[in-house]
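Its first residue numbered 1373, the sequence shown is counted upward by one per residue in the working numbering. The beta-carbon is built from N, C-alpha and C at its ideal position, and this holds for glycine as well. Comments concern the structure below.
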Amino acid sequence: MRLPIMQISVDTRKLASFALVAFIIGGALGGLLFNYGGVYVPTSDLSNMFGFMNQFQSYDELKDYLVASESYDSYWGGPLFSFRGRGFVDDMVIMESFPMAGSDGAVEMISEALKGSGESLDFSGTNVQVEGVDEADVVKTDGTYIYYAKGSEIIIVQAYPATDVRIVSMTNMSRPVQDIYISGDKLIVFTAQTPNYRYYNEEEGIGDDGYRAILTILDISDRASPEEVREINMDGTYFNSRLIGDHLYFLIRNPAYIYDDIVELPSIREGEEWSTIDADCIWYPNNTRGWMAYHTIASLDVQDSEAKLTTETFLLDEGSTIYVSPTNMYLISEGWWRESRITKIGIENGAIKFKANGTVPGYVLNQFSMDEHDGYFRIATTGTNNDRRSGNNVYVMDSELNIVGSVEGLAVGEQIYSSRFMGDRVYLVTFKITDPLFTIDLSDPENPEVLGALKIPGFSTYLHPYDENILIGIGKETIEDKSGNIAWQQGVKISLFDVSDVTDPKELAKLEIGDRGSDSNALYDHHAFLFSRSRNLLVLPILEAQIDETDFADGEAPDDWYGEYVYQGAYVFDISEEGIELRGQVTHIEDPMEFLKSGYWFESGYQVERSLYIEDNLYTLSNGMLKVNSLSTLEELAAIELGE
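Below is the structure:
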């Protein structure tokens, strides 16, 4: 039996200790963390606060800028985790640099997961935000093969037909694999090299080359024998990427710091050739301060083995997220005064070009807080004023990132839990005690307007269009505490919202899975969400917890009580305008004793993480297994061990 664990807004036991410490510190600081007094006052006059973007004229100008921005640590001379590498520059030499790079399209937001068309098979692709803009994931399929990044290995499985499922090859990348793409007969792999720290000595210095992001392209014409055709090493850490046609765009982040009065610049290596990004190729805002990092955006034609890597580097506050349309990338960095700084970069046919920058109050939650439509950029933020009380806002910006319209101060005291832009509308879910779903009209960019709101228990952390009039929401059910100040999260909640009348949104149907403690990766990672409207299909990986009410004298558990883990796997739902029904479940965990031994945390190499379909077969993947089931009956057709 479990003791209740205090929970206010985030249902995770791993943060319990941190939350307690934060609460104590907050109290000691006179209520800094939990002061909700006063009135929220938005400050949307920040659009020009970011300043213009320029390029440094020299290495010395870059150095002076970093000193002025206090971007280095006065004791260590730079971030503790970054050490001298190939790109270390002194007054004597700057290595040769790679070549630098030199129509806002409307984006239709309603689409299923991207699909391939090989052999006319019907199969699911990665669940992406923008149609035509592929996103990296750990699992990809082309309808015949499944490509799975597991640890430091790439596993290729012949997946179709289901009667012939088998492992075709396992390629050891020697480093942790972070993301993959498939483009024809090319497999694109991002891996990470971490530092091997050692004590300082005069001969070897203080460490190795530090963090490096490594892009590898494999020729998989022969799936049984992938062959490396290209590898590019870059200083820093891989942040995010997109694949548009044959052009890969990726973002590498590297701390900017000074060591022994010398600035280290990012370097790039391909084969035996090293190059360093020159100071006069680095863009910077003329209005910033705080901890800064180089953000290098690179593009590469993945089908052309001779194509040159194109890069542009921006010195910005630490970036938080990106939004990418077919023609533009928007990089969001968090400013010193609780604002989001936006850098707009044109990306078209491999070219990279700085276009504009701007600033809006507040912070963005994730990529779904942003959108580009008819030449306008729209962004939803949660802001704070000096007394820490939050308010939520939507801003519309023109092509130069000037604010032309806004709605501010929504649901004061709450924060955004999910958002979805769909054409001329945006739907926002905020939460503190209940879940308001706001419908906002953006058809007049200069005069956005809140048209309706729905208040119900619980919240959604991800919204997905079923069609233009119905939204799918996944999140948690909640029960309001008797004090009225907090709400206790319960089971995983799936909702259908009818927004056909935007002035009066309704919860059309809902289904709750499990009790308090239940969770799903899909709540935090949209790539774990599998949906097909044509098949009336929704699949989510869920860890289910249940409370045995007979354990309590009055037959009722307290609202803050956690259930015991009883099941983990892919939950398969029938979903339509009529409602949501559980069709069945697929698990990779055969021994229920694993749940009894789990305690407060459950972890297994056989937790289902992803699902996809090819024709009428459902494929589920865990770290240790790939399983194939019939979509209609969920009868098991095949299973292969991948090694835990």
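### Query
So which of 1537, 1534 and 1511 has the shortest CA-CA distance to residue 1526?
Closest by alpha carbon: 1511.
### Task
Taking the CB atoms as reference points, tell me whether residue 1916 and residue 1938 lie closer together than 8 Å.
Against a cut-off of 8 Å, the Cβ pair of residue 1938 and residue 1916 comes out as a contact.
### Query
Can you tell me whether residue 2008 is buried or exposed, with buried defined as 16 or more other CB within 10 angstroms of its CB?
Taking every protein chain shown into account, the CB of residue 2008 has fewer than 16 other CB atoms within 10 angstroms, so this residue is exposed.
### Task
Taking all protein chains shown into account, decide if residue 1697 is buried (16 or more other Cβ within 10 angstroms of its Cβ) or exposed.
That one is buried.
### Query
DSSP state of residue 1562, grouped into three classes?
In the displayed model, residue 1562 falls within a strand according to three-state DSSP.
### Message
Is the separation between the beta-carbon of residue 1830 and that of residue 1865 shorter than 8 Å?
### Response
Yes. Within cutoff.
### Helix, strand or coil at residue 1493 according to DSSP, with G and I counted as helix
Three-state DSSP puts residue 1493 in coil, outside helix and strand.
### Message
What does DSSP give as the partner residue(s) for residue 1958 in the beta ladder?
### Response
DSSP output for residue 1958 lists 1942 as bridge partner(s).
#### Entry: Residue from 1706, 1685 and 1669 with nearest C-alpha to residue 1663
Residue 1706 is the option with its Cα nearest to residue 1663.
### Query
Just reading off the beta strand (DSSP E) that residue 1864 is part of, what are its end residues?
Unbroken beta strand (DSSP E) run through residue 1864: 1859-1870.
### Query
For residue 1716, is the classification buried or exposed, using 16 other Cβ atoms within 10 angstroms of its Cβ as the cut-off for buried?
With 16 or more other Cβ atoms within 10 Å, it is buried.
### Query
Cα separation between residue 1464 and residue 1648?
With a pLDDT of 29 at residue 1464, under the threshold of 50, the modelled position of that residue is not reliable, and no figure is offered here.
### Message
Taking contact to mean 3 or more Cβ pairs, one atom from each stretch, closer than 8 Å, check whether the region 1663-1682 and the region 1612-1632 are in contact.
### Response
Yes, the region 1663-1682 touches the region 1612-1632.
### Task
Output the residue ranges of the beta strand (DSSP E) runs that lie fully inside the region 1782-1831 and measure 3 residues or longer, sorted by chain position.
Listed in chain order, they are 1787-1794, 1797-1803, 1807-1813 and 1821-1828.
### Query
What does a CB cutoff of less than 8 Å around residue 1980 pick up in its chain, not counting 5 residues either side in sequence?
The answer, listed in chain order, is 1913, 1940, 1941, 1942, 1958, 1959, 1960, 1992, 1993 and 1994.
### Task
Take the Cβ of residue 1390 as the centre, count every other Cβ of all protein chains shown within 10 Å, and call the residue buried at 16 or more, exposed below.
Because the pLDDT at residue 1390 is just 38, under 50, the model does not fix this residue reliably, and the point stays unresolved.
### Message
If distances are taken between C-alpha atoms only, which option among 1654, 1434, 1791 and 1619 comes closest to residue 1895?
### Response
Comparing Cα-Cα distances from residue 1895 to each of 1654, 1434, 1791 and 1619, the minimum goes to 1791.
### Beta-bridge pairing of residue 1584 - partner residues as DSSP gives them
Bridge partners of residue 1584: 1565 and 1607.
### Message
If you measure between the beta carbons of residue 1738 and residue 1714, is that distance less than 8 Å?
### Response
No, the pair does not count as a contact, with Cβ atoms beyond the cut-off.
### Query
With 16 as the cutoff for other CB atoms within 10 Å, does residue 1409 come out buried or exposed?
Bear in mind that the predicted position of residue 1409 carries a pLDDT of just 28, short of 50, making it too unreliable to give a figure here.
### Delimiting residues of the beta strand (DSSP E) encompassing residue 1881
Element bounds for residue 1881: 1878-1885.
### Message
Relative to the C-alpha of residue 1642, which candidate in 1793, 1631 and 1680 has its C-alpha closest?
### Response
That would be 1680, whose Cα lies nearest to the Cα of residue 1642.
### Query
Given residue 1416, which residues of its chain have a CB within under 8 Å of its CB, disregarding the five upstream and five downstream residues?
Here the model assigns residue 1416 a pLDDT of 44, short of 50, so the residue's position is not dependable, and the following value carries that caveat. Taken in chain order, the residues that qualify are 1732, 1733, 1765, 1767, 1775, 1778 and 1780.
### Query
Among residues of its own chain, excluding the 5 on either side of residue 1721, which ones have a beta-carbon nearer than 6 Å to its beta-carbon?
Listed in chain order, the non-local C-beta contacts of residue 1721 below 6 Å within the same chain number zero, local neighbours out to five positions each way being set aside.
### Task
Buried or exposed for residue 1650, please, with buried defined as at least 16 other CB atoms from any protein chain shown within 10 angstroms of its CB.
Residue 1650 is buried by the Cβ-count criterion.
#### Entry: Residue closest to residue 1582, alpha-carbon to alpha-carbon, out of 1562, 1560 and 1606
Nearest in C-alpha terms to residue 1582, of all of 1562, 1560 and 1606, is 1606.
### Query
Taking three-plus beta-carbon pairs below 8 Å as touching, is the region 1928-1935 in contact with the region 1898-1913?
As far as the Cβ criterion goes, the region 1928-1935 does not touch the region 1898-1913, which means the pair count is below three.
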